[in-house]
Each structure stands twice: as structure tokens, then as C-alpha cells.
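In my numbering, the protein residues as written are 698 to 974. In this text, a Cβ means the ideal position worked out from N, Cα and C, and glycines have one as well. Read through the structure below, which is laid out as C-alpha cells, and then see the notes.
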Amino acid sequence: MVVTPIPGAHRDNVWKTLRSLHLAAENLEGKNFPSAYPRLLAYLEWANEAVRMLTSQVTSRDIDNLIRTRMHQSLLDGVGHLAGSEQGRLVNGLVSLELRQRVNAFSEAVEAFQAQMRRWPEFVVVAVLDTSFFIEHEVKLEEADFAKLLGVEGRLPVAVVVPMVVVDELDKLKESRNQRTRWRAGYSLAVLDRLLTEKVSLGPSKVEVLTDTPGHVRLPEADDEIVDRALAVYAMAAGDVQLVTYDTGMAMRAKMLNLPVLKLRNDAGTGIEPDRK
Numbered sequence: 698m699v700v701t702p703i704p705g706a707h708r709d710n711v712w713k714t715l716r717s718l719h720l721a722a723e724n725l726e727g728k729n730f731p732s733a734y735p736r737l738l739a740y741l742e743w744a745n746e747a748v749r750m751l752t753s754q755v756t757s758r759d760i761d762n763l764i765r766t767r768m769h770q771s772l773l774d775g776v777g778h779l780a781g782s783e784q785g786r787l788v789n790g791l792v793s794l795e796l797r798q799r800v801n802a803f804s805e806a807v808e809a810f811q812a813q814m815r816r817w818p819e820f821v822v823v824a825v826l827d828t829s830f831f832i833e834h835e836v837k838l839e840e841a842d843f844a845k846l847l848g849v850e851g852r853l854p855v856a857v858v859v860p861m862v863v864v865d866e867l868d869k870l871k872e873s874r875n876q877r878t879r880w881r882a883g884y885s886l887a888v889l890d891r892l893l894t895e896k897v898s899l900g901p902s903k904v905e906v907l908t909d910t911p912g913h914v915r916l917p918e919a920d921d922e923i924v925d926r927a928l929a930v931y932a933m934a935a936g937d938v939q940l941v942t943y944d945t946g947m948a949m950r951a952k953m954l955n956l957p958v959l960k961l962r963n964d965a966g967t968g969i970e971p972d973r974k
């Protein structure tokens with residue numbers, strides 16, 4: 698599973714916390730106890746401490762997947778009447794199973810998190826594209842100079858990230874009544890598909906689609922989801938990250954969340970105001 702840091706959490710601290718909790722779970726799994734009940738209490742204490750440590754660093758959904766499982770809730774609910782010796786074998790088996798699953802879950806989370814940290818290193822600038830960029834930008838996707846656009850021309854490479862929700866929005870826009878919008882949407886999807894299939898770069902810039910991880914639940918509004926995905930990249934990347942958009946509302950959302958945004962402009966709202974009809 699891929700853990701998502703919340704805004705304000707530093708990726709290095711999240712990684713250290715995941716590693717620490719993984720090691721603690723492994724140590725607890727191998728520790729000997731005089732009976733099953735003290736082992737149950739030790740597991741619940743570990744789980745409580747893990748929730749406390751992760752609450753200010755990752756999403757509540759991640760904490761549920763890593764710690765607050767159905768088995769954890771069942772053991773927590775039954776802690777008052779599981780102390781009897783006649784239940785010791787059952788309790789020990791349940792705790793052993795849950796600890797093994799938590800060790801595996803944290804191991805996967807640590808590995809996935811490390812992979813994400815390597816994905817966007819410090820010397821790479823990341824541009825997260827909104828749907829409006831594909832439709833409104835003055836030049837087509839293949840002709841866009843992202844390094845120049847972000848002001849890093851000749852200095853740093855650029856990674857172009859397209860959230861999956863943007864791909865889905867472009868798919869819908871292929872049915873737009875506006876001919877230009879319809880063409881731009883279809884063209885952009887074709888270019889993205891070719892780049893990803895052939896695993897080639899867009900000039901000097903690498904393009905990747907940020908797919909939805911298993912268990913990810915999208916926000917109801919597409920604009921909120923795009924900002925949320927950009928925030929996830931911002932939390933994971935070591936270098937600079939900017940959300941690139943022509944959408945004023947999205948730019949405002951991003952700024953309110955302290956997400957760096959490059960607000961591009963077209964000629965909408967310029968020139969002489971037309972007469973009221």
C-alpha cells in the first residue's frame with residue numbers, strides 16, 4: 698500500500714515513523730509472554746502508540762488500513778473479557794495472526810514509501826497538470842516547453858505528472874460540443890497513451906500518470922481531487938512541485954492549502970466588455 702502524508706508532514710519523518718513502527722511490531726511478534734492476555738495488552742498498547750504517532754503524519758484512511766483493522770477492533774472490544782485462561786489459546790492465535798498481518802502491512806508500506814521518495818528526487822521539478830492545461834494552453838501537449846514554463850530552462854529536468862482523474866475528465870471531454878475542446882481532449886489522450894506505452898519522454902520532460910492506488914477513494918468534486926493528488930505529490934517530492942492550471946477556482950483552492958501553483962492565463966476577460974444583450 699502507498700501511504701499518503703498529510704499537508705505539512707515531512708516525508709523523511711513519515712518514513713522514519715513507518716520504519717520504527719514496523720520494527721516495534723516485529724519485536725513484539727517475537728517476544729515471549731507468560732500468557733496470552735499480557736500479549737494482547739502489549740499488542741493493543743503498540744497499536745495505540747502507532748495511531749498516536751501517525752495521526753499527525755498520514756491520512757486517517759492509511760491509519761485504518763495499517764492499524765485500525767476489523768480484528769484490532771474486535772480485540773479492543775473484547776479486552777475486558779478475554780483474560781480467562783480457558784481462552785488463552787484462542788487469544789494467542791488471534792493476536793499472532795494480527796501481528797503477522799501488521800508486520801507485513803508495515804513492510805509493504807515502508808517499501809512503497811521508499812519507492813515514492815525515489816520517484817521525485819531533489820534535482821527534479823514536478824509539474825502537476827490540471828485538465829484545463831490540455832484544453833486551454835496556447836500550444837499542444839507535444840509542443841509545450843515545460844522547463845521554460847516553470848522557469849528552470851537549462852537548469853533542472855521536469856517531471857510532468859497527470860492525475861488519473863484528469864485522464865478521466867479528458868475522456869469525457871471527447872464528447873464535448875465544442876469542436877476545439879473535443880479535438881484537444883482526444884489528441885492529448887492519444888499522446889499520453891503513446892508516451893506511456895512506448896515509455897518515452899516528452900522532449901526533455903518525463904511524463905507519468907498518477908494512478909489511483911488500491912483503496913483510494915476519490916473526492917466528490919474533480920477539482921478537489923486534482924488538488925488533493927497534487928498535494929500528495931507535493932508531500933512526497935524532494936524538489937519543487939507546482940500545480941499548473943488555467944482554472945482560477947482551482948488556483949485559489951491550491952493557494953488556500955499552501956500548494957505552489959502556476960496560474961496560466963488566456964485572453965478570457967480581456968479586451969472591451971461586450972454590450973449587454
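DSSP state of residue i mapped onto helix, strand, coil
i, result
"Thr942", "strand"
"Ser804", "helix"
"Leu826", "strand"
"Leu959", "strand"
"Gly848", "coil"
"Arg765", "coil"
"Trp728", "It is worth fixing the name first, because residue 728 is Lys in this sequence and not Trp. Correct three-state label for Lys728: coil."
"Asp909", "coil"
"Ala721", "helix"
"Pro818", "coil"
"Ala919", "helix"
"Arg874", "coil"
Reference residue i, options the options, closest by Cα
i, options, result
"His778", "Leu725, Leu737, Asp890 and Leu751", "Leu737"
"Met768", "Asn789, Ser753 and Thr756", "Asn789"
"Thr908", "Met953, Ala887 and Val930", "Val930"
"Pro860", "Glu835, Asp890, Leu893 and Val825", "Val825"
"Thr756", "Arg891, Lys903, Leu794 and Arg926", "Arg926"
"Leu889", "Arg881, Ala747, Gly912 and Val904", "Val904"
Alpha-carbon spacing of residue i relative to residue j, whole angstroms
i, j, result
"Asp868", "Val849", "31 angstroms"
"Leu720", "Ser804", "9 angstroms"
"Met814", "Tyr740", "30 angstroms"
"Val857", "Gly727", "45 angstroms"
"Met750", "Thr766", "17 angstroms"
"Pro731", "Val699", "37 angstroms"
"Gly775", "Leu791", "12 angstroms"
"Asn729", "Gln770", "23 angstroms"
"Ala934", "Phe820", "10 angstroms"
"Leu838", "Pro702", "30 angstroms"
"Leu853", "Pro818", "11 angstroms"
"Val897", "Val906", "13 angstroms"
"Asp944", "Tyr884", "20 angstroms"
"Ala882", "Ile923", "17 angstroms"
"Arg799", "Phe843", "42 angstroms"
Cβ neighbours of residue i in the same chain (closer than 7 angstroms, five flanking residues each side left out)
i, result
"Ala919", "Val862 and Glu866"
"Thr878", "Ile832 and Leu870"
Residues that residue i bridges to, as DSSP identifies them
i, result
"Lys903", "Ala856"
"Pro702", "Val755"
Residues of its chain near residue i, where Cβ-Cβ distance is below 6 angstroms and the 5 sequence neighbours each way are ignored
i, result
"Phe830", "Val941"
"Ala951", "Val924, Leu940 and Val958"
"Gly936", "Glu819, Val821 and Val822"
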